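Heads up, the thing below is written out as structure tokens.
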Amino acid sequence: GKTYTGNVIAEEMLEADQQIVVLDPIGAWWGLRSKYPVAILGGEHADIPIQDGGGSAVADFVIRETLPVVIDLSEFGENAMRRFVADFGATFYRKNREPVHLFVEEADEFVPQKTTGGGPLAKCLGAMQRIVRRGRQRGIGCTLITQRSAVINKDVLTQTECLIAMQTTA
């Protein structure tokens, strides 16, 4: 339900020639390219492989090329994935100036309610908070997709303009 709904929204944006970027930690979004010219970075279906530590370079690529892109992080471990998103998010926020919509699948991986200490998760949360809270001034729209909105960081969740709840009981 949730990923399918996100895909439908993304397809409508692609039909309107809008640039989308998907952060996909589960490898579920690669199918978009069956109907649209979407580049797949990383994962099993990659057009271009990505590596841990390459988040800033991927952000530069996405900004420079203005292509619809799925960034498949499914082959990364938890900390590597968060390091990548922290670097990607910081560069993406700092350098982007064109309209783009960011879809974040399993958003609770990147903007959790609880973090302990510093490390990759804290940096990831900080980068994503900037994008969600201030990204619109830099042309960035954002859709967060999760099974449990209650576990999303409240500083991020309170920025929600539209919440689509599907079988949410708590």
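Plus 155 on top of the position in the sequence shown (first one is 1) and you've got my numbering. Backbone N, C-alpha and C fix where the C-beta goes; we use that ideal spot for every residue, glycine too. A quick note: this is a predicted structure, and the numbers were derived from the prediction, not measured.
Consult DSSP for residue i and reduce its assignment to one of helix, strand or coil.
| i | result |
| --- | --- |
| D263 | helix |
| I286 | helix |
| A194 | strand |
| I164 | helix |
| S280 | Sequence check: residue 280 is Leu here, not Ser. Note: L280 maps to helix in three-state DSSP. |
In the DSSP assignment, find the alpha helix (DSSP H) that holds residue i and state where it starts and stops.
| i | result |
| --- | --- |
| T298 | Note, T298: premise wrong, no alpha helix (DSSP H); beta strand (DSSP E) at I295 to L299. |
| A245 | E233 to K250 |
| V311 | K309 to L312 |
What does a CB cutoff of less than 6 angstroms around residue i pick up in its chain, not counting 5 residues either side in sequence?
| i | result |
| --- | --- |
| A214 | F243, T246 and F247 |
| W184 | V177 and V225 |
| R237 | P275, L276 and C279 |
Taking 7 angstroms as the limit between beta carbons, can you name the residues of its chain near residue i, skipping five residues before and five after?
| i | result |
| --- | --- |
| N251 | I218, R293, G294 and I295 |
I need the boundaries of the beta strand (DSSP E) containing residue i, first residue and last residue.
| i | result |
| --- | --- |
| D215 | That residue, D215, is in no beta strand (DSSP E); its alpha helix (DSSP H) goes G210 to E220. |
Cutting at 8 angstroms between CB atoms, please list the residues of its own chain near residue i, excluding the five before and the five after it.
| i | result |
| --- | --- |
| P192 | L222 and P223 |
Taking the alpha carbon of residue i as the point to measure from, which residue in the options has its own alpha carbon closest?
| i | options | result |
| --- | --- | --- |
| E264 | M168, A305 and H256 | A305 |
| A262 | T271, R249 and L228 | L228 |
| M168 | A241, K157 and V255 | V255 |
| G161 | L187, M283 and G290 | L187 |
| V311 | A277, G210 and P267 | P267 |
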